[in-house]
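Everything on this sheet refers to the single structure shown next.
2 protein chains.
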Amino acid sequence: MSEKTIPYKIYLEENEMPTQWYNVRADMKNKPAPLLNPGTLQPMTAEELGAVFCDELVKQELDNDTAYIDIPQEILNFYKMYRPAPLVRAYCLEKKLDTPAKIYYKFEGNNTSGSHKLNSAIAQAYYAKKQGLKGVTTETGAGQWGTALSMACSYLDLDCKVYMVKCSYEQKPFRREVMRTYGASVTPSPSMDTEVGKKILAEHPGTSGSLGCAISEAVEVATTSEGYRYVLGSVLNQVLLHQSIIGMETKAALDKYGITADIIIGCAGGGSNLGGLISPFMGEKLRGEKDYQFIAVEPASCPSFTRGKFAYDFCDTGMVCPLAKMYTLGSGFIPSANHAGGLRYHGMSSTLSQLYADGLMEARSVEQTAVFAAAEQFARVEGILPAPESSHAIKVAIDEALKCKETGEEKTIVFGLTGTGYFDMYAYEAFHDGTMTDYIPTDADLQPGFDAIPRFPGNMM
Amino acid sequence: MSEKTIPYKIYLEENEMPTQWYNVRADMKNKPAPLLNPGTLQPMTAEELGAVFCDELVKQELDNDTAYIDIPQEILNFYKMYRPAPLVRAYCLEKKLDTPAKIYYKFEGNNTSGSHKLNSAIAQAYYAKKQGLKGVTTETGAGQWGTALSMACSYLDLDCKVYMVKCSYEQKPFRREVMRTYGASVTPSPSMDTEVGKKILAEHPGTSGSLGCAISEAVEVATTSEGYRYVLGSVLNQVLLHQSIIGMETKAALDKYGITADIIIGCAGGGSNLGGLISPFMGEKLRGEKDYQFIAVEPASCPSFTRGKFAYDFCDTGMVCPLAKMYTLGSGFIPSANHAGGLRYHGMSSTLSQLYADGLMEARSVEQTAVFAAAEQFARVEGILPAPESSHAIKVAIDEALKCKETGEEKTIVFGLTGTGYFDMYAYEAFHDGTMTDYIPTDADLQPGFDAIPRFPGNMM
Chain A
39 MSEKTIPYKI
49 YLEENEMPTQ
59 WYNVRADMKN
69 KPAPLLNPGT
79 LQPMTAEELG
89 AVFCDELVKQ
99 ELDNDTAYID
109 IPQEILNFYK
119 MYRPAPLVRA
129 YCLEKKLDTP
139 AKIYYKFEGN
149 NTSGSHKLNS
159 AIAQAYYAKK
169 QGLKGVTTET
179 GAGQWGTALS
189 MACSYLDLDC
199 KVYMVKCSYE
209 QKPFRREVMR
219 TYGASVTPSP
229 SMDTEVGKKI
239 LAEHPGTSGS
249 LGCAISEAVE
259 VATTSEGYRY
269 VLGSVLNQVL
279 LHQSIIGMET
289 KAALDKYGIT
299 ADIIIGCAGG
309 GSNLGGLISP
319 FMGEKLRGEK
329 DYQFIAVEPA
339 SCPSFTRGKF
349 AYDFCDTGMV
359 CPLAKMYTLG
369 SGFIPSANHA
379 GGLRYHGMSS
389 TLSQLYADGL
399 MEARSVEQTA
409 VFAAAEQFAR
419 VEGILPAPES
429 SHAIKVAIDE
439 ALKCKETGEE
449 KTIVFGLTGT
459 GYFDMYAYEA
469 FHDGTMTDYI
479 PTDADLQPGF
489 DAIPRFPGNM
499 M
Chain E
39 MSEKTIPYKI
49 YLEENEMPTQ
59 WYNVRADMKN
69 KPAPLLNPGT
79 LQPMTAEELG
89 AVFCDELVKQ
99 ELDNDTAYID
109 IPQEILNFYK
119 MYRPAPLVRA
129 YCLEKKLDTP
139 AKIYYKFEGN
149 NTSGSHKLNS
159 AIAQAYYAKK
169 QGLKGVTTET
179 GAGQWGTALS
189 MACSYLDLDC
199 KVYMVKCSYE
209 QKPFRREVMR
219 TYGASVTPSP
229 SMDTEVGKKI
239 LAEHPGTSGS
249 LGCAISEAVE
259 VATTSEGYRY
269 VLGSVLNQVL
279 LHQSIIGMET
289 KAALDKYGIT
299 ADIIIGCAGG
309 GSNLGGLISP
319 FMGEKLRGEK
329 DYQFIAVEPA
339 SCPSFTRGKF
349 AYDFCDTGMV
359 CPLAKMYTLG
369 SGFIPSANHA
379 GGLRYHGMSS
389 TLSQLYADGL
399 MEARSVEQTA
409 VFAAAEQFAR
419 VEGILPAPES
429 SHAIKVAIDE
439 ALKCKETGEE
449 KTIVFGLTGT
459 GYFDMYAYEA
469 FHDGTMTDYI
479 PTDADLQPGF
489 DAIPRFPGNM
499 M
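Protein sequences appear in the order of chains A and E. If you want my numbering, it's the 1-based position in the first sequence plus 38. If you want my numbering, it's the 1-based position in the second sequence plus 38.
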């Protein structure tokens with residue numbers, strides 16, 4: 039098909055929308071390492087995980103073999119409310135950069151949660167409802183995940199308790215109000231509601247919080263309340279599975295127009311967006327059918343892939359959760375509060391960590407002022423005001439397009455535009471005022487809390 | 039086509055998108071009354087209007103005869119960045135209401151301005167650029183129009199000066215920052231920058247401003263600055279013309295699936311959305327081809343149609359602009375500051391006013407607490423957090439759907455969902471906290487400033 043026929047935005051028809059999630063683990067030769075019980079150092083059993091997560095989600099978490107999983111009809115119906123997400127040809131950005139590269143982005147921001155998080159929120163809420171639970175607990179950072187979960191719970195009439203990282207709670211009061219519109223309760227973390235919150239506050243009285251802290255609190259509440267389970271918006275295998283809808287749709291849209299991607303780029307905090315976007319393409323690579331260059335982009339202030347260690351570590355700051363083998367900065371690592379760009383998690387999806395360790399993808403870290411400059415450049419030509427998180431991917435997509443300008447290569451670049459920045463205007467204001475600074479941790483800042491990790495064969499640090 | 043094949047969202051393909059605007063005036067037997075020069079009481083000439091507006095826009099303003107006007111290719115390209123807007127079948131809302139009615143909404147919020155305003159902003163900025171101007175001035179209320187114009191100006195590299203109604207400037211600081219991201223200057227109105235601003239502040243020192251005040255200031259700056267013209271986001275004929283893209287797309291989407299609307303509902307402040315949505319359908323009604331029930335929904339606190347007078351009045355509070363014949367509450371009318379729901383303009387599009395006077399459409403006024411209740415009900419089932427303005431239409435769409443439930447009629451209801459409420463969270467907070475109150479002006483509050491309107495034959499008051 040000739041290039042002229044490629045529209046600005048590719049929308050799949052409803053009957054072209056994927057009806058299955060793709061589980062990349064099925065095609066991985068080296069499977070992601072299992073979660074370990076921190077007491078026994080043995081892989082977490084389904085029964086142990088079932089105290090924290092819904093039964094069906096435990097099954098998905100542990101399933102390394104089934105490649106395609108049917109999406110339940112109720113979830114498909116919900117998806118139809120805000121999906122398909124458009125795959126946009128960035129004609130205006132290409133023109134502005136004067137690059138021979140062809141740039142596409144998968145835009146996940148056209149829903150009230152403002153991001154891709156809704157894809158997994160509805161799945162997790164659905165399985166909780168199906169199990170007859172009263173409600174779910176979770177943590178949220180910038181607030182996208184909490185908003186997404188509150189939307190999903192409201193739709194299914196489930197109770198929803200959100201622990202929100204304190205600095206975001208204070209900086210983003212509007213997010214709270216959106217969650218309230220959807221009926222959720224929102225508590226700043228660390229809080230005095232939980233034992234782990236009290237402990238963290240005693241040790242770090244002025245802390246602005248972190249995702250790791252908030253996870254500890256939400257897990258504690260879920261496991262001590264009748265009829266509740268914990269749900270998580272990133273990191274876990276199950277989340278990558280649900281988020282594979284992003285990649286499945288992207289692939290269907292590219293295939294529809296006979297386009298082949300050369301480079302696929304995504305921002306990486308815990309890995310939900312990146313993992314979801316690249317999954318079906320990585321599957322092709324793993325099966326030897328096609329080759330792609332995958333690039334994970336993370337903040338220089340929270341550089342899990344590029345400066346972390348690949349080791350078993352706690353998923354949370356409070357060290358109440360299982361151990362996951364992943365690239366980690368240490369469960370005690372809390373990024374500087376002046377870092378506005380999201381992606382504040384100390385660890386990384388075990389699945390993506392294994393793929394990275396196996397040399398199947400690359401990673402880059404970028405500084406936040408450069409990220410906001412790329413965000414503004416993008417906004418002015420493409421019209422969409424991007425979330426700081428998504429703008430990490432924009433930055434590297436622009437870098438790669440400019441490389442093509444130098445070399446004359448007509449590469450096809452696809453990146454994930456995970457969401458909108460409407461609730462991040464304080465960060466944009468700091469960027470405009472010139473008060474935004476970059477923060478790069480020293481080596482001494484990294485891996486706090488590593489002393490507490492159990493030593494055992496196979497945990498190399 | 040059987041109902042089962044109607045998807046949740048109808049997206050036109052790029053090659054199905056309209057390439058012409060439709061000018062409803064061409065099919066009106068009674069044309070809207072012309073703007074009058076307040077000094078001579080004679081219709082404003084093209085030359086006189088050219089001091090305020092770009093030449094091409096003056097032509098469009100005065101053209102009561104040409105039914106279809108080609109959209110310039112550059113504007114079509116910009117439209118492709120964020121259009122087509124989806125026509126959504128509100129399956130979830132229908133189910134929640136348990137109504138036999140079929141509800142559709144045209145959703146214009148999937149762009150960073152958060153509303154339909156971008157449709158006219160790009161057109162007006164394009165003609166200003168084509169005329170070789172340096173920049174444009176405008177007013178903005180809730181901020182959607184200012185954001186839209188700053189996006190369009192940034193794209194075309196035009197300077198953009200925005201006068202923002204003071205209460206919105208203070209209540210919605212994030213909107214300012216979005217406009218700043220797109221390079222616009224934003225001044226709270228009334229300001230001390232202009233003669234008219236100084237005069238209004240002297241008379242009403244504590245005023246929270248109004249659209250009428252802000253228009254006066256923007257017009258003064260445009261007419262006293264070299265290379266600038268004024269642009270307006272609503273009320274004018276030219277704006278309704280550009281906004282007809284909403285109705286043209288809606289009609290194309292309905293036609294594609296063989297759907298015929300019975301009732302078409304839109305919120306009405308100055309008339310930009312309502313006029314744009316209904317134009318092509320009204321054309322069919324005017325030509326006797328089809329019949330529709332049209333309903334304009336306005337706030338009870340600013341009830342131009344339902345309690346205004348159909349008379350010539352000033353378009354602005356400062357009485358520097360031409361006179362328009364319209365339903366008006368008086369150019370000195372300033373809605374209560376506790377009214378959070380937008381649509382604060384004292385007048386109404388002359389075109390819509392004439393159609394209303396001729397009995398071709400209905401109008402209803404609704405109170406804001408009922409509007410926010412409808413907004414929240416909608417958000418919880420349809421996922422989208424609606425703007426307060428748009429929620430006026432939601433309220434009446436729900437009312438009509440519930441009537442169908444009583445009567446058993448399977449009416450097809452189409453309404454305009456003009457935008458998202460992400461920057462209106464203070465209003466939602468007040469609604470949740472129970473501090474939001476309703477405000478209905480007394481008869482004595484209406485028509486202030488009428489004494490200053492020139493008396494002449496044909497201006498019945």
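By construction, the Cβ of each residue, glycine as well, lies at the ideal position given by its N, Cα and C atoms. No experiment lies behind these values; they were computed from the predicted model shown.
Minimum Cβ-Cβ distance from residue i to chain E less than 9 Å
| i | result |
| --- | --- |
| A/I109 | no |
| A/N148 | yes |
| A/Y164 | no |
| A/T458 | yes |
| A/P495 | no |
| A/G221 | yes |
| A/F352 | no |
| A/F453 | no |
| A/F529 | In the structure as shown, chain A starts at 39 and stops at 499, and residue 529 of chain A therefore has no counterpart that could be examined. |
| A/M39 | Residue placement at A/M39 is poorly supported in this model, since its pLDDT is 44, which falls under 50; the coordinates are not used for a value here. |
Residue i versus the options, residue with shortest Cα-Cα distance
| i | options | result |
| --- | --- | --- |
| A/T298 | A/V62, A/A105, A/I141 | A/I141 |
| E/G250 | E/V203, E/S263, E/I48 | E/V203 |
| A/L398 | A/I44, A/N61, A/L50, A/K67 | A/K67 |
| E/A431 | E/R493, E/G307, E/K69, E/Y117 | E/G307 |
| E/K441 | E/S369, E/L324, E/E132 | E/E132 |
| E/E287 | E/P56, E/P45, E/I44, E/K47 | E/P56 |
| E/D293 | E/F319, E/S282, E/T458 | E/F319 |
| E/G356 | E/Q111, E/L95, E/A190, E/G368 | E/G368 |
| A/Y193 | A/Q209, A/A166, A/Y207, A/C205 | A/A166 |
| A/R218 | E/A71, E/Y464, E/A482 | E/Y464 |
Where residue i falls, given that 16 or more other Cβ within 10 Å makes a residue buried
| i | result |
| --- | --- |
| E/F461 | buried |
| A/E447 | exposed |
| E/G304 | buried |
| E/E258 | buried |
| E/M230 | exposed |
| A/F494 | exposed |
| A/P426 | buried |
| A/E264 | exposed |
| A/P243 | exposed |
| A/K443 | exposed |
| E/D471 | exposed |
Closer than 8 Å: residue i CB and nearest the ligand HEM heavy atom
| i | result |
| --- | --- |
| E/T78 | In the structure shown, the ligand HEM is absent, as is every other ligand, since no ligand is present at all. |
Amino acids of chain A, ordered along the chain, whose beta-carbon sits closer than 7 Å to that of residue i
| i | result |
| --- | --- |
| E/I432 | Under the 7 Å cutoff, chain A gives no residues; its nearest Cβ is about 14 Å from E/I432. |
C-beta neighbour in chain A for residue i, strict 9 Å
| i | result |
| --- | --- |
| E/V216 | yes |
| E/M357 | no |
| E/E467 | yes |
| E/G309 | no |
| E/Y464 | yes |
| E/G152 | yes |
| E/N115 | yes |
Interface partners of residue i on chain E, CB under 9 Å
| i | result |
| --- | --- |
| A/V45 | Looking at the sequence itself, residue 45 of chain A is Pro, so the reference to Val does not match. Those are E51, E52, N53, K118, listed as they occur along chain E. |
> When Cβ atoms are compared, which residues of the stretch 405–422 of chain A fall closer than 9 Å to chain E?
Replying inline: A413, E414, A417, R418, V419, E420, G421, I422
> Mind listing which residues of the stretch 130–143 of chain A have their C-beta closer than 9 Å to chain E's C-betas, in chain order?
Replying inline: C130
>> By the 8 Å beta-carbon criterion, what residues does the stretch 185–219 of chain E contribute toward chain A?
In response: M189, S192, Y193, P211, F212, E215, V216, R218, T219
>> Residues of the stretch 48–78 of chain A in Cβ contact with chain E at a cutoff of 7 Å, in chain order, please.
In response: Y49, E52
> What residues in the stretch 468–491 of chain E bring their beta carbon closer than 8 Å to a beta carbon of chain A?
Replying inline: H470
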